[in-house]
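Undergrad: One rule links them: number in the numbering used here = place in the sequence shown (from 1) + 22.
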Amino acid sequence: MTKYLVLYHADVGAEEQMQQSEEAGEAGMQAWIDWAGRTGPALLDFGTPLGVARAVTSGGTTTPTTTVAGYSIVEAADADAAAALMEGHPHLEVGTIQLHEALEVPGM
């Protein structure tokens, strides 16, 4: 099985998304809990929402042009199986999801 880093992209950061009403927040959280339940043991790390980001370069820091609102880690047989785990994911209502295969580091 292969691990995949799941990155949740959105036009609005997680902090701003969490400023919704208490009822909407509870419904949104329940949708994520339901997805996690459907994903089962393939969900290795539920992850967390992410706050303000900084892009670091050799020339200094800037504000990134894209927003990563959160992450999770899943395990699947291949990229297609990992993508299938994202079907019906509640984040797809507000943004996109990227899957990145975690590669082995030689000698580690």
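From the three backbone atoms N, C-alpha and C, an ideal C-beta is built for every residue, glycine too.
Could you spell out the range, first to last residue, of the alpha helix (DSSP H) harbouring residue 41?
TA: From DSSP, residue 41 is part of no alpha helix (DSSP H); its letter is neither H nor E.
Undergrad: With a cut-off of 8 Å, does the C-beta of residue 66 fall near any C-beta of chain B?
TA: Chain labels in this structure do not include chain B; a single protein chain is all it has.
Undergrad: Please look up how many angstroms separate the CB atoms of residue 25 and residue 95, rounded, as I've assumed it's under 8 Å.
TA: Rounded, the Cβ-Cβ distance is 6 Å, consistent with contact.
Undergrad: Evaluate contact between the region 90-108 and the region 72-79, counting only Cβ atoms and requiring at least three cross-stretch pairs below 8 Å.
TA: Yes, the region 90-108 touches the region 72-79.
Undergrad: Tell me which same chain residues have a C-beta within less than 7 Å of the C-beta of residue 123, skipping the five on either side of it?
TA: Correct list, in chain order: 24, 26 and 101.
Undergrad: Can you tell me the Cα-Cα spacing of residue 55 and residue 113, whole angstroms?
TA: The straight-line gap from Cα to Cα measures roughly 12 Å.
Undergrad: Which of the three DSSP states, helix, strand or coil, is assigned to residue 84?
TA: It is a strand residue.
Undergrad: Look at residue 129 and residue 31 and say whether their C-beta atoms are less than 8 Å apart.
TA: Not in contact: residue 129 and residue 31 (Cβ atoms no closer than 8 Å).
Undergrad: Short check: CB of residue 107 to CB of residue 61, under 8 Å?
TA: It is a contact, given that the beta carbons lie within the stated cut-off.
Undergrad: Are residue 58 and residue 65 close, meaning C-beta to C-beta below 8 Å?
TA: Cβ atoms of residue 58 and residue 65: closer than 8 Å.
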